[in-house]
Every structure is written in structure tokens, then in C-alpha cells.
Ligand code: ATP
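Residue numbers (my numbering): 1133 to 1345.
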């Protein structure tokens, strides 16, 4: 089973790294791939450019050999749709089950993703807890028809993912880190220390980019 963790990583922080590693361990994933997007479809242009985001990600993950950086979205033209990424991963790893790992905030917005229902024909989705997003409010975040599609797929039992190739939505507890890239960008602009939120080498790289601008 391969875990896929997509994001803008603008910049990467421990709120990405620690929950993703915890899922790798809990599901005994054979690979964990971080997939930085080139053009995020649902948000404004990133603060750092794609090359800077990638360099910071590479610095941050030097001490995490368990995480592979997958550059396929950076190399692909147009908006970075996850459904296209999963199709391409399926071609590369036809015998593997794919697990898309997303935070609860991203899950609450998933119906706006391009061909969102098709994602579940290609992978399982692993939804990780994130501070401020309550697992008990899932139903409130979807309209009726969408919830009818989602509800039968929900599970909290990791074993369910081995029983079928795709189509389950696993709610998974992970270490809670109350941090976002937005907070890091705002702290940096105020000159505040951000070293507790990301690996030291990545902080150094980030400060260099700030000084260059
Ligand atoms: P921003 O603040 O710029 O929106 P972000 O910190 O939310 O960024 P993204 O790159 O947008 O990071 O998110 C990538 C993925 O990481 C998403 O699935 C998101 O839910 C998850 N994620 C980000 N921060 C955390 C966190 N602190 N805990 C759990 N999941 C997180």
C-alpha cells in the first residue's frame, strides 16, 4: 500500500510530516510519497514559487528517508488535479493499493475537487484529524446527496483497507499539531521564530529566500 500526501507545502511543516509518518506506521505503508502541487486548483497563487517550495521540502525531508518526494505534479502542465496524479501513479504502480492522505479540513472541502467521486475508484482516502476540525461534524459539512455517497464508505478500521482495492474513507487519529503554512508565513513576516514548526535545515533555506526578496 502506497500513501500519497499532496499539498502546496508553502512551506512544508511538522503538521504535514508527523501526521503522514504516523499514517505510514499505522497502515504499514510500503511507501509514503509527498506530492507538491504546481498550480493548486482551489487557492490563490502560492507565496513561494514552485522551485523554492521544492527546495525547502528537500531540505526538510533530508532526515526523513521514509518519505519520497514525488515531482510529477510540478512537471505536469495545467492545474494539479489529484485525479490525474492518481491515474499516473496507478500506471507506475499497477499492483499497489493507493491511499490518499488528507487532513480533515481538506476532506470537508473535497466535493469541490475535480471529479472528486472518481478519486474513490482509484484509491482509499485516509482522513487525518487536524486541530479545529471536529470529526463529529462530518455530516454538517456535506449536502445530502454527497453525504449519501460518503457515509457508506466511512470506516475507522484500518483492516477494511486491505479488503478492497479502493473506495474506503478511513478516519485516522494522528498526532495533533496546531500549525499551518499560513501561520508560518505570517510569523515570518513579523520576524517571529518559526524553528519549532519545521526542521532546522528548512528554516535556514526559508530565511535565505526571505533575504533574497
Ligand atoms: P495553508 O495554511 O497555506 O493553507 P496548510 O498548512 O494547510 O497550508 P497545505 O499544503 O495546504 O498546508 O495542506 C496539505 C495537506 O496537509 C492537507 O491535506 C492538509 O489538511 C494537511 N495539513 C496541513 N497542516 C496540517 C496539520 N497541522 N495537521 C494535520 N494535517 C495538516
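Even for Gly, the Cβ is constructed at its ideal location relative to N, Cα and C.
Self-check item: residue 1322 versus residue 1342: straight-line alpha-carbon distance, rounded
Solution: 12 Å
Quiz item: Considering only the beta carbon of each residue, do residue 1133 and residue 1162 sit closer than 8 Å?
Solution: yes
Quiz item: Between residue 1286 and residue 1309, which are expected to be in contact by the criterion C-beta below 8 Å, what is the C-beta distance as a whole number of angstroms?
Solution: Actually they are not in contact, since the Cβ atoms of residue 1286 and residue 1309 sit about 24 Å apart, beyond 8 Å.
Quiz prompt | Any non-hydrogen atom of the ligand ATP closer than 7 Å to residue 1110 Cβ | solution = For residue 1110 there is no data in the structure shown, the boundaries of the chain being 1133 and 1345.
Practice problem: Work out the CA separation of residue 1203 and residue 1299 for me, nearest whole Å. | Solution: 25 Å
Practice problem: Taking residue 1324 as the reference, give the member of 1267, 1315, 1229 with the closest Cα. | Solution: 1315
Quiz item: By the 10 Å Cβ neighbour count, where 16 or more other Cβ atoms means buried, how is residue 1280 classified, buried or exposed?
Solution: exposed
Quiz item: Do residue 1221 and residue 1258 have their C-beta atoms within less than 8 Å of each other?
Solution: no
Quiz item: Quick one: what does DSSP say residue 1287 is sitting in, helix, strand or coil?
Solution: strand
Practice problem: Could you have a look at residue 1335 and say whether DSSP puts it in helix, strand or coil? | Solution: helix
Quiz prompt | Cα-Cα separation between residue 1337 and residue 1187, rounded to whole angstroms | solution = 8 Å
Quiz item: Looking at C-alpha atoms only, which residue of 1135, 1212, 1150, 1143 is the closest neighbour of residue 1261?
Solution: 1150
Exercise. Go ahead and label residue 1224 buried or exposed: buried means 16 or more other beta carbons lie within 10 angstroms of its beta carbon, across all protein chains shown.
Key: exposed
Exercise. Measure the C-alpha to C-alpha separation of residue 1230 and residue 1254 and round it to an integer number of angstroms.
Key: 7 Å
Practice problem: Take the Cβ of residue 1174 as the centre, count every other Cβ of all protein chains shown within 10 Å, and call the residue buried at 16 or more, exposed below. | Solution: exposed
Quiz prompt | Contact check, residue 1189 vs residue 1141, beta carbons under 8 Å | solution = yes
Self-check item: Under the three-state DSSP convention, the category residue 1274 falls into
Solution: coil
Self-check item: Distance cut-off 7 Å: residue 1217 Cβ against heavy atoms of the ligand ATP
Solution: no
Quiz item: Which class does residue 1317 belong to by DSSP, given the choice of helix, strand or coil?
Solution: helix
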